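Residue numbers (the UniProt record's numbering): 1 to 190.
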């Protein structure tokens with residue numbers, strides 16, 4: 001499936017604003033894939049479909065998690081995270097994409113996970129730094145992303161965690177575990 005075909009499949013599922021965001025994530029994913037050596041075709045497809053389930057009914061997604069998905073933890077951390085694991089399921093079952101690298105990049109694009117693959121890192125970070133995003137700290141992460149992928153992800157995870165904590169929101173356990181693992185890996189490199 002080429003980019004044009006993929007975008008035609010995803011567009012009916014998104015608002016115009018979210019579609020523009022998706023185009024930005026595709027652009028950022030392709031740039032990061034080029035810079036860090038990830039598979040560009042997979043990066044493009046994961047980026048196009050990363051928010052495929054963003055506007056699905058929350059109750060439908062909760063039911064899907066209960067009935068079909070292994071990780072039920074998502075149910076305890078707010079509806080905003082549901083579209084990632086549910087999106088991976090829907091993309092596989094509705095669009096026929098079965099490549100686990102692509103599906104995992106969709107599944108973990110909001111939370112990260114310890115041991116992320118290069119493709120997962122690319123899509124996670126692209127979602128955070130895409131050109132349409134404008135919030136405190138994003139430009140710093142963009143600058144870091146030009147030099148070191150893991151350092152940029154660490155900064156993005158820090159920013160997200162602080163944002164949630166300032167609002168008395170829980171932080172998804174895999175997000176904390178991802179941060180810890182990346183920090184520990186950096187210490188081992190020294």
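From the three backbone atoms N, C-alpha and C, an ideal C-beta is built for every residue, glycine too.
None of these values were measured; they are calculated from a predicted model.
Under the assumption that residue i contacts residue j (Cβ atoms under 8 Å), give the Cβ distance between them as a whole number of angstroms.
i	j	result
residue 182	residue 154	5 Å
residue 126	residue 177	Not confirmed; about 21 Å, so no contact.
residue 52	residue 25	Wrong, their Cβ atoms sit about 12 Å apart, outside the cutoff.
residue 84	residue 128	About 13 Å; that fails the 8 Å criterion.
residue 145	residue 23	In fact, because the Cβ distance is near 18 Å, the residues do not count as touching under 8 Å.
Tell me whether residue i is buried or exposed, calling it buried when 16 or more other Cβ atoms sit within 10 Å of its Cβ.
i	result
residue 44	buried
residue 173	exposed
residue 167	exposed
residue 206	One cannot answer for residue 206 here, as it falls past the ends of the chain, which runs 1 to 190.
residue 112	buried
residue 107	buried
residue 141	buried
residue 93	exposed
residue 160	buried
residue 165	exposed
residue 147	exposed
residue 16	exposed
residue 162	exposed
residue 139	exposed
residue 4	exposed
residue 130	buried
Residues in its own chain within less than 8 Å of residue i by CB, not counting five upstream and five downstream?
i	result
residue 78	169 and 170
residue 6	44, 45, 48 and 49
Looking at C-alpha atoms only, which residue of the options is the closest neighbour of residue i?
i	options	result
residue 136	158, 147, 149 and 100	158
residue 19	54, 42 and 33	54
residue 14	1, 3 and 56	56
residue 185	151, 68, 90 and 162	151
residue 88	146, 71 and 50	50
residue 29	4, 17 and 105	105
residue 114	5, 40 and 175	175
Spatial neighbours of residue i within its chain, please: CB distance less than 7 Å, with the 5 preceding and 5 following residues excluded, ordered by chain position.
i	result
residue 75	62 and 65
residue 36	118, 122 and 149
residue 99	42
residue 110	81 and 84
residue 188	none
residue 10	22, 48, 49 and 52
Could you name the residues of the same chain whose beta carbon sits closer than 6 Å to that of residue i, not counting the 5 residues immediately before and after it, in chain order?
i	result
residue 12	none
residue 38	118, 119 and 122
residue 21	132
residue 86	53, 61 and 64
residue 179	157
residue 124	109 and 112
residue 97	91
For a cutoff of 9 Å on Cβ pairs, would you count residue i as touching chain B?
i	result
residue 73	Any reference to chain B falls outside this structure, which holds one protein chain only.
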